[in-house]
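There are 2 protein chains.
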Amino acid sequence: MITEAMPFVPGLPISSVERETGLSKDTLRVWERRYGFPTPERDANGERLYAPMQVQRLTQIKRLMDRGYRPGKLLALDDAALAALDEARPGVLASPNVQHLDNWMHLVETHDSEALQRQFYREMGKLGLASFVLDIVAPLITRVGEAWSRNEIGIFEEHLFSQHLEKMFRSVLANMSPQQGSPRLLLTTLSGEEHTLGLLMVEALMVVEDVCPVLLGPQTPIDEIVRAAQLKQVDAVCLSFSSAYSPTLSAQGLRDLRQMLPAGIELWAGGYGVKAIRKPIDGVCLMPEFQGLYDCLAKWRTQHGYEPVSASVISLPATPK
Amino acid sequence: MITEAMPFVPGLPISSVERETGLSKDTLRVWERRYGFPTPERDANGERLYAPMQVQRLTQIKRLMDRGYRPGKLLALDDAALAALDEARPGVLASPNVQHLDNWMHLVETHDSEALQRQFYREMGKLGLASFVLDIVAPLITRVGEAWSRNEIGIFEEHLFSQHLEKMFRSVLANMSPQQGSPRLLLTTLSGEEHTLGLLMVEALMVVEDVCPVLLGPQTPIDEIVRAAQLKQVDAVCLSFSSAYSPTLSAQGLRDLRQMLPAGIELWAGGYGVKAIRKPIDGVCLMPEFQGLYDCLAKWRTQHGYEPVSASVISLPATPK
DNA sequence: TAATCATTTTGTCCTAGACAATGTGTTGAC
DNA sequence: GTCAACACATTGTCTAGGACAAAATGATTA
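Chains as they are written, first to last, in our numbering: chain A, 19 to 339; chain B, 19 to 339.
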């Protein structure tokens with residue numbers, strides 16, 4: 019990571035720091051009060067001005083928090099101790115197939131765009147779409163997230179990686195026109211959750227299962243989700259939550275939506291973000307793993323009188339029993 | 019728009035209202051104090067609970083504000099007067115080629131996904147990529163935005179439209195591999211600006227001009243933009259701002275970035291969001307229209323000794339004079 | 001070992017005042 | 001009549017410290 023001395027930078031206002039770090043203004047102020055960090059200067063008007071070095075440290079702290087450390091502990095540490103935590107490997111998190119993913123990670127680290135793109139298409143041709151998503155893409159996204167949280171790569175590398183994945187998914191899915199399949203599934207996220215890759219993975223997996231996905235993209239307000247679900251006559255709404263989305267907000271948003279959504283339409287929620295939700299929510303199906311998606315699908319199909327269709331069977335138009 | 023009576027909804031907490039309306043908690047509280055609206059109930063703990071009807075009204079007010087009306091005026095109006103404003107056509111904003119776009123708008127309004135997708139590809143084949151973007155896509159996006167601000171369509175229709183556009187752009191651009199062209203251009207947005215379509219339009223226009231675009235996707239923190247620009251050795255950073263992004267924040271962000279970006283790398287900013295920026299910013303090229311992009315490109319090329327290359331000329335690898 | 005309770009931690013919400021940045025309207029000069 | 005400069009009104013954001021509930025941690029018991 020680059021740590022360059024910046025000339026003539028008196029400091030960033032609190033709104034810029036919120037934008038850069040993702041920490042709310044309230045949190046920044048209360049940390050200052052409780053832990054004595056950060057220690058911003060003040061401008062002529064008494065407003066906070068954060069030194070760039072402190073902003074950098076705040077982003078580092080935020081990253082470590084996403085990894086599970088708690089602020090009270092982190093804010094008491096000095097630079098050296100923080101850097102040491104970056105190195106520490108969380109043995110539990112380490113995904114399987116590590117060996118195999120190392121080659122991919124090398125391409126990500128060196129931002130070798132062309133090679134990455136080529137490799138994606140080759141591997142997909144080799145494994146087929148479903149296996150490619152489940153066995154390569156999903157673990158790889160996890161791995162990239164871990165690498166970022168360990169400060170081995172930056173946001174830049176993560177963004178570039180995501181862009182290539184997205185480009186690949188979209189060009190592949192463009193030619194697999196939505197069939198007349200069942201159930202019909204609305205794919206979107208709540209306002210504030212901007213990650214699209216989860217939705218694209220679900221779309222890819224569901225298309226080959228004869229499901230008819232309607233991709234709405236990220237950040238739909240709940241009343242518009244309700245309207246979309248009714249107009250497009252979907253059987254279920256499927257939301258995706260990344261680990262960055264606060265579990266409190268996820269749960270609150272799911273409750274809000276369940277309240278307004280007609281009872282006949284199911285509500286499925288997936289992604290790393292739902293792992294942190296402890297209490298089950300009435301009328302909401304939480305799917306922390308992709309397996310849950312298949313479970314929900316199978317359950318819906320048996321309840322609605324469809325023969326279970328395996329992914330490996332050539333799919334004819336599904337008909338009610 | 020659907021206005022259904024919701025059962026058992028005591029009200030939404032302020033964080034949900036912020037998520038749904040895009041109005042900050044500070045703003046919601048100060049409106050209540052100053053204008054006497056909204057008038058949330060309180061829960062046992064004294065915290066605000068907003069009635070769903072009021073939330074709906076707040077989103078309507080926000081929409082009208084994006085159209086230029088001021089809060090002080092809007093908050094004094096009753097339901098009927100607000101609805102009347104929705105109808106009022108802003109004659110000035112009306113785009114040219116209205117006649118031609120009507121057919122497209124009909125497809126958007128009826129959420130006819132298949133027809134829309136087909137029509138995109140046909141028209142692109144007919145006009146060529148550059149003309150398609152400049153003469154169809156850009157005005158159509160404006161038109162859709164206006165229709166939304168006039169409450170003729172909802173977020174749902176707008177999202178669906180955007181998704182189809184994005185799918186089309188990405189599958190088309192996937193096969194136009196980045197050349198070795200010059201200048202090298204980094205495409206991204208600041209944190210908080212999630213609109214990707216502007217970036218994709220720029221990528222499409224630049225690819226056919228022999229520029230080598232590096233698409234980073236939306237929401238990159240400024241220090242990572244700096245790092246990406248250096249690692250990918252780009253000649254300029256190009257940011258996109260939608261009209262939803264506050265002009266104050268745009269200007270602040272551009273100043274922040276210009277401060278940290280090496281002087282040798284140019285900074286270009288485009289999109290509707292920069293129209294509202296009054297004062298020019300030192301070392302930043304503001305391009306409210308697409309023409310500005312071509313101007314910046316031509317200027318860079320003459321300054322760096324490249325022959326100007328027209329879009330209509332078959333492009334050979336550009337070489338310094 | 002697993003489940004229940006008590007305790008700390010931590011983010012968000014509260015009030016109400018202040019100010020700067022922007023928008024609007026008015027005056028005056030040409 | 002048109003345009004610049006001014007004064008005034010509007011509006012979002014920032015400040016302060018207190019309060020509380022949800023979540024995480026540690027202690028106790030079955």
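Built from N, CA and C at the ideal position, the CB exists for glycine as well.
Annotation for Leu92/A: Ile79 and Leu82 place their beta carbon closer than 6 Å to its own, counting only its chain and skipping 5 residues before and after.
In the DSSP assignment, Arg75/B falls within the unbroken alpha helix (DSSP H) covering Pro70 to Asp84. By the criterion of a C-beta distance shorter than 7 Å, Ile295/B is surrounded in its chain by Pro265, Ser268, Ala269 and Leu304, once the five residues flanking it on both sides are discounted. Here the alpha carbons of Leu125/A and Ile171/A stand approximately 12 Å from one another. With fewer than 16 other Cβ atoms inside 10 Å of its own Cβ, Lys144/A counts as exposed.
In terms of Cα proximity to Val226/A, the closest of Glu242/A, Gly199/A, Gly291/A and Arg37/A is Gly199/A.
At a cut-off of 7 Å between beta carbons, Asp61/B makes no contact with chain A.
In this structure, Leu234/B and Leu204/B form a Cβ contact; the two beta carbons are roughly 6 Å apart against a cut-off of 8 Å.
Scanning Thr45/A, Thr39/A and Gly86/A for the CA closest to the CA of Pro70/A turns up Thr39/A. In terms of beta-carbon proximity, His213/A stays away from the interface with chain B, with every pair separated by 7 Å or more. Counting along the chain, Ser189/B sits inside the alpha helix (DSSP H) bounded by residues Ile173 to Ala192. In chain order, Glu38 and Ile173 make up the part of chain A whose C-beta sits under 7 Å from the C-beta of Pro239/B. For the region 168–197 of chain B, the set of positions with a beta-carbon nearer than 8 Å to some beta-carbon of chain A reads Gly172, Ile173, Phe174, His177, Leu178, Ser180, Gln181, Glu184, Lys185, Met186, Arg188, Ser189, Leu191, Ala192, Asn193, Ser195 and Pro196 in chain order. Of the other Cβ atoms in all chains shown, 16 or more fall within 10 Å of the Cβ of Ser167/A; this residue is therefore buried. In this structure, DSSP gives Thr39/A a helical state, which the three-state scheme calls helix.
DSSP places Pro231/B in the uninterrupted beta strand (DSSP E) bounded by Cys230 to Thr238.
At a Cβ-Cβ threshold of 7 Å, Ile173/A and Glu242/B count as neighbours. In this structure, the beta-carbon distance from Ser189/B to Ser189/A falls below 7 Å.
Along the region 65–94 of chain B, the positions whose C-beta sits under 9 Å from a C-beta of chain A are Pro70, Val73, Gln74 and Thr77, read in chain order. Look at Thr128/B here: in three-state DSSP terms it is coil, with no helix or strand label. For the region 256–271 of chain A, residues whose beta-carbon sits nearer than 9 Å to a beta-carbon of chain B comprise Thr266, Leu267, Gln270 and Gly271. Taking C-beta atoms under 8 Å as the contact rule, Ile283/B and Val252/B qualify, at a distance of about 7 Å. Listed in chain order, the non-local C-beta contacts of Glu175/A below 7 Å within the same chain comprise Val126, Glu127 and His129, local neighbours out to five positions each way being set aside. In the structure shown, the three-state DSSP call for Val255/A is strand. DSSP places Glu211/B outside both helix and strand once states are collapsed to three, so it counts as coil. The beta carbon of Leu279/A sits no closer than 7 Å to any beta carbon of chain B.
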